[in-house]
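K.L.:
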Amino acid sequence: MTRLQNAFSKPHAAFVAFITAGDGDTAANLDALVEGGADVIELGMPFTDPMADGPAIQAANLRSLGAGTTTADVLQIAYDFRTRHPDVPLVLMGYANPMIRRGPEWFAEAAKNSGVDGVICVDIPPEEDDALGPALRAEGISPIRLATPTTDAKRLPQVLEGSSGFLYYVSVAGVTGLQQAAAGSIEEAVAALKAATDLPVAVGFGVREPAQAAAIAKHADGVVVGSAFVDLVGEHGAKAPAKLKELTAAMVDAIKAV
Amino acid sequence: MAGLEAETRLRHAQPERIFVLNDLPNTFRNQPDERGHFGDFGGRYVAETLMPLILELEREYRAAQQDPAFQAEFDGLMEHYVGRPSPMYYAERLTEELRKDAEPGMGAQVWFKRDELNHTGAHKINNCIGQILLAIRMGKTRIIAETGAGQHGVATATVCARFGLPCVIYMGAEDVARQSPNVFRMKLLGAQVIPVTSGGATLKDAMNEGLRDWVANVHDTFYIIGTAAGPHPYPEMVRNFQSVIGTEARAQLLSRTGRLPDLLIACIGGGSNALGLFHPFLDDPEVKMLGVEAAGHGLDGDEHAASLLGGAPGVLHGNKTYLLQDEDGQITEGHSISAGLDYPGIGPEHAWLKDTGRVEYTAVTDDEALEGFQLLCRTEGIIPALEPSHALAAVAKRAPQMREDEIICMNLCGRGDKDIFTVAEKLGVEM
Numbered sequence: 001m002t003r004l005q006n007a008f009s010k011p012h013a014a015f016v017a018f019i020t021a022g023d024g025d026t027a028a029n030l031d032a033l034v035e036g037g038a039d040v041i042e043l044g045m046p047f048t049d050p051m052a053d054g055p056a057i058q059a060a061n062l063r064s065l066g067a068g069t070t071t072a073d074v075l076q077i078a079y080d081f082r083t084r085h086p087d088v089p090l091v092l093m094g095y096a097n098p099m100i101r102r103g104p105e106w107f108a109e110a111a112k113n114s115g116v117d118g119v120i121c122v123d124i125p126p127e128e129d130d131a132l133g134p135a136l137r138a139e140g141i142s143p144i145r146l147a148t149p150t151t152d153a154k155r156l157p158q159v160l161e162g163s164s165g166f167l168y169y170v171s172v173a174g175v176t177g178l179q180q181a182a183a184g185s186i187e188e189a190v191a192a193l194k195a196a197t198d199l200p201v202a203v204g205f206g207v208r209e210p211a212q213a214a215a216i217a218k219h220a221d222g223v224v225v226g227s228a229f230v231d232l233v234g235e236h237g238a239k240a241p242a243k244l245k246e247l248t249a250a251m252v253d254a255i256k257a258v
Numbered sequence: 001m002a003g004l005e006a007e008t009r010l011r012h013a014q015p016e017r018i019f020v021l022n023d024l025p026n027t028f029r030n031q032p033d034e035r036g037h038f039g040d041f042g043g044r045y046v047a048e049t050l051m052p053l054i055l056e057l058e059r060e061y062r063a064a065q066q067d068p069a070f071q072a073e074f075d076g077l078m079e080h081y082v083g084r085p086s087p088m089y090y091a092e093r094l095t096e097e098l099r100k101d102a103e104p105g106m107g108a109q110v111w112f113k114r115d116e117l118n119h120t121g122a123h124k125i126n127n128c129i130g131q132i133l134l135a136i137r138m139g140k141t142r143i144i145a146e147t148g149a150g151q152h153g154v155a156t157a158t159v160c161a162r163f164g165l166p167c168v169i170y171m172g173a174e175d176v177a178r179q180s181p182n183v184f185r186m187k188l189l190g191a192q193v194i195p196v197t198s199g200g201a202t203l204k205d206a207m208n209e210g211l212r213d214w215v216a217n218v219h220d221t222f223y224i225i226g227t228a229a230g231p232h233p234y235p236e237m238v239r240n241f242q243s244v245i246g247t248e249a250r251a252q253l254l255s256r257t258g259r260l261p262d263l264l265i266a267c268i269g270g271g272s273n274a275l276g277l278f279h280p281f282l283d284d285p286e287v288k289m290l291g292v293e294a295a296g297h298g299l300d301g302d303e304h305a306a307s308l309l310g311g312a313p314g315v316l317h318g319n320k321t322y323l324l325q326d327e328d329g330q331i332t333e334g335h336s337i338s339a340g341l342d343y344p345g346i347g348p349e350h351a352w353l354k355d356t357g358r359v360e361y362t363a364v365t366d367d368e369a370l371e372g373f374q375l376l377c378r379t380e381g382i383i384p385a386l387e388p389s390h391a392l393a394a395v396a397k398r399a400p401q402m403r404e405d406e407i408i409c410m411n412l413c414g415r416g417d418k419d420i421f422t423v424a425e426k427l428g429v430e431m
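Residue numbers (my numbering), protein chains in the order written: chain S, 1 to 258; chain E, 1 to 431.
(1) Residues of the segment 206-227 of chain E with a CB closer than 7 Å to any CB of chain S: list them in chain order, please.
(2) Taking residue 325/E as the query, report the chain S residues whose CB atoms sit under 8 Å from its CB, ordered along the chain.
(3) Please report how far the alpha carbon of residue 92/S lies from the alpha carbon of residue 44/S, in whole angstroms.
(4) By the 10 Å Cβ neighbour count, where 16 or more other Cβ atoms means buried, how is residue 429/E classified, buried or exposed?
(5) Alpha carbon to alpha carbon, how far is residue 47/E from residue 126/S? Give it in angstroms, no decimals.
(6) For a quick check, are the C-beta atoms of residue 166/E and residue 185/E less than 8 Å apart?
(7) Counting only Cβ pairs nearer than 7 Å, list the residues of chain S close to residue 52/E.
(8) Run through chain E and tell me which residues come within less than 7 Å of residue 124/S, C-beta to C-beta.
(9) Examine chain S for any beta-carbon lying closer than 8 Å to the beta-carbon of residue 316/E, and answer yes or no.
(10) Taking only the alpha-carbon atoms, compute the straight-line gap between residue 104/S and residue 318/E and give it to the nearest angstrom.
(11) Between which two residues does the beta strand (DSSP E) carrying residue 181/E extend?
(12) Report yes if the CB atom of residue 111/S is closer than 8 Å to the CB atom of residue 141/S, and no otherwise.
(13) Under 7 Å Cβ to Cβ from residue 138/S, same chain only, skipping five residues before and after it: list those, please.
(14) Evaluate residue 120/E with the Cβ neighbour count: other Cβ atoms within 10 Å of its Cβ, from every protein chain shown; 16 or more gives buried, anything less gives exposed.
(15) Relative to the C-alpha of residue 133/S, which candidate in 150/S, 148/S, 160/S, 147/S has its C-alpha closest?
(16) Using 8 Å as the threshold, is the segment 343-354 of chain E in touch with the segment 23-42 of chain E, meaning 3 or more CB pairs across them?
(17) Let me know the secondary structure DSSP gives residue 10/S once reduced to three states.
(18) Which runs of the alpha helix (DSSP H), 4 residues or longer, sit entirely within the segment 214-273 of chain E?
(19) Considering residue 90/S, what are the terminal residues of the beta strand (DSSP E) in which it resides?
(20) Taking the beta carbon of residue 207/E as the centre, do at least 16 other beta carbons fall within 10 Å, making it buried, or is it exposed?
(21) Identify which residue in 191/S, 213/S, 3/S, 143/S has its Cα closest to the Cα of residue 222/S.
(22) May I have the straight-line CA-CA distance separating residue 135/E from residue 255/S, to the nearest angstrom?
(23) Does the contact criterion of 3 or more C-beta pairs under 8 Å hold for the segment 254-271 of chain E versus the segment 327-341 of chain E?
(24) In three-state terms, what does DSSP make of residue 218/S?
(25) CB-CB under 6 Å to residue 150/E, same chain, minus the five flanking residues each way: which ones, in chain order?
(26) Can you name, in chain order, every residue of its own chain whose Cβ lies under 7 Å from the Cβ of residue 83/S, other than the five neighbours on each side?
(27) Residues of chain S with a CB under 7 Å from the CB of residue 31/E: which are they?
(28) Determine the extent of the alpha helix (DSSP H) in which residue 249/S is found, giving its start and end residues.
(29) Are there any heavy atoms of the ligand SAH lying less than 7 Å away from the beta-carbon of residue 243/S, as far as the coordinates show?
(30) Among 281/E, 312/E, 332/E, 375/E, which has the Cα closest to the Cα of residue 27/E?
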């Protein structure tokens, strides 16, 4: 069983925690997420133009790049995480240009060597899969795709084709961190997705409170939280790990109570 | 690499002034392919939320292309609202001026396609008319757009006022401060101008914010992209709406001079005015083409906006194209005296035309553009925008190297009213 499969085979929904690489003491922050009980780590690769992200993650990207974070640094953070946490799956999330700058094969191999399990590329839809997908699959890295409220039943098979690891359901048509979807619409959407695939379905966008996480965990295989963590990193700096661990634990407790 | 071979062949062919077509595409006018790719460039690199929308846009655009009523409405507005056809003007005094430094018998005739005489003062309106007709056809009730210098913002606000649709313009906070007359124009026209403070607070950040708005309002909103870039079908669609420029120019030159021009010249930011002029001539092998990028303070430093000559291929804002970027793929800020050329990317069709060798690209500096600006004011009584002033600088270099029976046609794509403050500052004049 792969690390990702393992994470989604627990008796409770998996808790997927996102932070941006190079924003604050990333190693300490990642350790805090794991100590708090996160099942999957999503590590954001900073980009100058994060056009699918809301203000929180935009700011995190700028803080990280302002601190001089390079692609090599991101890969090193992943490598060090893998050394410290051999069993916790790590997914890189980001935008196409930094991923393909040196060629998709270069990136896929480097990610593999850093112990990365999956890659979410926001702006490579299935139509442009050639730009990165084949290289990832050749290295055994899961290309994780996004489904959204605008992805209809006709299009869904195309989204699923060639993807693995899990399916990330973006529960609102919008950018990260701003609105939240109504619980009813999530239940319906997750049911439709699960009818079309055996992949686990994780739900994110706008999840900030443990109660929201629990409501999603009733129907989905995973819950993704990003902006709430990134805000804590921005606000608390060096003192962020304690806050991250606290929020993670509260989220995980709520999910396990479902 | 096919592009490099083609370029070499072109160079070898130059003494005879023949464009050798062996092994090159049969036509340069059938791009993009059905996936929106211009060779390796273009495509649809957008978030999944937008993907279904972009596919719908393409379907609707194809239907509109087949609909004579759509074309008739576009043509009618071009004639009676925009003021087309724009004149084709022989710049006699400029031609004579440039011959002064040329060898005997040298110094090409300079002709201008005068798109600066369009309503709103630039070529931007051609595209805005086309896109708002499509938006209305699709039942969209809200229009958004990004703008740099404000020309596309003004053109979008204009068509929104004309058709009674609410309009939101995203504009970098830096540009809002630098371009206050255009901000006021947009507001007069009823648009809401939202200053964008994220990133470097310029055009690319305004485009990011436009995409964020769109992704959150997909049900009712149409995004009027201002240049021949973005995800498919935008580059093709914008080019086609702007091709009215080249179609008119071709007919006008044939009628006035009895033949096709030898060289077309246009400035390039995103590249829509250049494509509009070039595209109808792409399959005329005797017509050479020169795209002029902004070299800012010079291509040897970082202070320029020449994506083709100083950038590398990558993915931004929905398409694969040449970008100003660092070794990690982070986008760098462009610089140009002209806010309209100050974008770190370029339309994907230009990337393809460069690699195939069909179009030659060069760059001119801020200072050269300023000289071009003043040269035209002085010789022809036309105040050009700083964007086509770059093309003028290239005309001034090329014309003396061509025979006097040869013809250059330059797209004078915008008027300079908006730029007089910038120019005054650069020339050290207090206003």
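All C-beta atoms in this analysis are idealised placements derived from N, C-alpha and C, irrespective of residue type, glycine included.
P.N.:
Taking the geometry as given:
(1) So the close ones are 208, 211, 212, 215, 216, 218.
(2) 97, 101
(3) CA-CA distance, residue 92/S to residue 44/S, rounds to 6 Å.
(4) For residue 429/E, the number of other beta carbons within 10 angstroms of its own is below 16, and it is reported as exposed.
(5) 10 Å
(6) no
(7) Under the 7 Å cutoff, chain S gives 150, 151, 152, 155.
(8) The contacting residues are 45.
(9) Interface with chain S (8 Å Cβ-Cβ cutoff): residue 316/E is included.
(10) 18 Å
(11) That residue, residue 181/E, is in no beta strand (DSSP E); its alpha helix (DSSP H) goes 180-188.
(12) yes
(13) 108
(14) Buried, because 16 or more other Cβ atoms sit within 10 Å of the Cβ of residue 120/E.
(15) 160/S
(16) yes
(17) coil
(18) 234-242, 244-257
(19) Taken as a continuous stretch (DSSP letters only), the beta strand (DSSP E) holding residue 90/S covers 90-94.
(20) buried
(21) 213/S
(22) 44 Å
(23) yes
(24) coil
(25) 179, 182
(26) none
(27) Within 7 Å Cβ-Cβ: nothing; residue 31/E doesn't reach chain S, min ~17 Å.
(28) 240-256
(29) Ligands displayed in this structure: none; no statement on the ligand SAH is therefore possible.
(30) Per the Cα distances, 281/E.
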